[in-house]
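Numbering (the UniProt record's numbering), first residue to last: 1 to 62.
Beneath this line is the structure, given in C-alpha coordinates, with notes to follow.
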(Lines of atoms letter the chains of each structure in order from A and count residues from 1; the text may use other names and numbers.)
(Lines give C-alpha, C1' and ligand atoms only; values in the text may rest on other atoms or scores of the structure.)
Protein backbone atom coordinates (compact mmCIF):
# COMPACT_ATOMS: atom_id res chain seq x y z
CA UNK A 1 0.00 0.00 0.00
CA UNK A 2 0.98 3.62 -0.11
CA UNK A 3 3.71 4.78 0.40
CA UNK A 4 5.23 1.28 0.35
CA UNK A 5 8.18 -0.37 2.04
CA UNK A 6 11.69 1.06 1.63
CA UNK A 7 13.36 -0.32 -1.48
CA UNK A 8 10.11 -1.66 -2.93
CA UNK A 9 7.93 -0.37 -5.74
CA UNK A 10 4.50 0.87 -4.74
CA UNK A 11 1.10 0.14 -6.17
CA UNK A 12 -0.79 3.11 -7.60
CA UNK A 13 -2.12 5.31 -4.83
CA UNK A 14 -5.72 4.90 -6.02
CA UNK A 15 -5.63 1.07 -5.80
CA UNK A 16 -7.54 -0.28 -2.81
CA UNK A 17 -6.16 -3.09 -0.65
CA UNK A 18 -8.82 -5.43 -2.06
CA UNK A 19 -7.83 -4.60 -5.66
CA UNK A 20 -4.19 -5.29 -4.84
CA UNK A 21 -5.04 -8.62 -3.21
CA UNK A 22 -7.31 -9.64 -6.09
CA UNK A 23 -4.71 -8.79 -8.73
CA UNK A 24 -1.87 -10.51 -6.85
CA UNK A 25 -4.03 -13.60 -6.26
CA UNK A 26 -5.10 -13.61 -9.91
CA UNK A 27 -1.47 -13.62 -11.07
CA UNK A 28 -0.43 -16.24 -8.51
CA UNK A 29 -3.16 -18.67 -9.59
CA UNK A 30 -3.20 -18.02 -13.35
CA UNK A 31 -2.13 -21.30 -15.00
CA UNK A 32 -1.21 -19.45 -18.22
CA UNK A 33 1.46 -17.29 -16.56
CA UNK A 34 4.77 -19.17 -16.58
CA UNK A 35 6.64 -19.48 -13.33
CA UNK A 36 10.31 -19.52 -12.43
CA UNK A 37 11.59 -21.47 -9.44
CA UNK A 38 14.43 -19.74 -7.61
CA UNK A 39 17.32 -21.66 -6.03
CA UNK A 40 15.68 -21.16 -2.61
CA UNK A 41 12.50 -22.84 -3.89
CA UNK A 42 10.41 -19.69 -4.13
CA UNK A 43 8.16 -19.45 -7.17
CA UNK A 44 8.11 -16.20 -9.16
CA UNK A 45 5.33 -15.15 -11.54
CA UNK A 46 5.21 -11.86 -13.44
CA UNK A 47 1.96 -10.39 -14.68
CA UNK A 48 0.45 -7.08 -15.71
CA UNK A 49 -2.82 -5.63 -14.46
CA UNK A 50 -4.18 -2.28 -15.64
CA UNK A 51 -0.81 -1.48 -17.22
CA UNK A 52 1.14 -2.13 -13.99
CA UNK A 53 3.78 -4.88 -13.93
CA UNK A 54 3.46 -7.04 -10.81
CA UNK A 55 5.90 -9.68 -9.60
CA UNK A 56 4.45 -12.27 -7.24
CA UNK A 57 6.84 -14.36 -5.14
CA UNK A 58 5.34 -17.48 -3.60
CA UNK A 59 6.77 -19.58 -0.81
CA UNK A 60 7.12 -23.24 -1.77
CA UNK A 61 4.55 -25.62 -0.33
CA UNK A 62 5.74 -27.19 2.89
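The beta carbon of each residue, even a glycine, is placed where N, CA and C say it ideally should be.
These numbers were taken from a predicted model, which means no experiment stands behind them.
Look at residue i and residue j and say whether their C-beta atoms are less than 9 Å apart.
i	j	result
residue 46	residue 33	yes
residue 43	residue 31	no
Given that a residue counts as buried once 16 or more other Cβ atoms are within 10 Å of its Cβ, and exposed if not, what is residue i?
i	result
residue 56	buried
residue 23	buried
What is the rounded straight-line gap between the Cα of residue i and the Cα of residue j?
i	j	result
residue 51	residue 21	16 Å
residue 16	residue 49	14 Å
residue 36	residue 62	18 Å
residue 40	residue 12	30 Å
residue 26	residue 8	21 Å
residue 18	residue 54	15 Å
For residue i, which residues from the same chain have a beta carbon less than 7 Å from its beta carbon, with the 5 sequence-adjacent residues on both sides left out?
i	result
residue 28	45, 56 and 58
Apart from the five residues just before and just after residue i, which ones in its own chain have a Cβ nearer than 6 Å to its Cβ?
i	result
residue 4	10
residue 6	none
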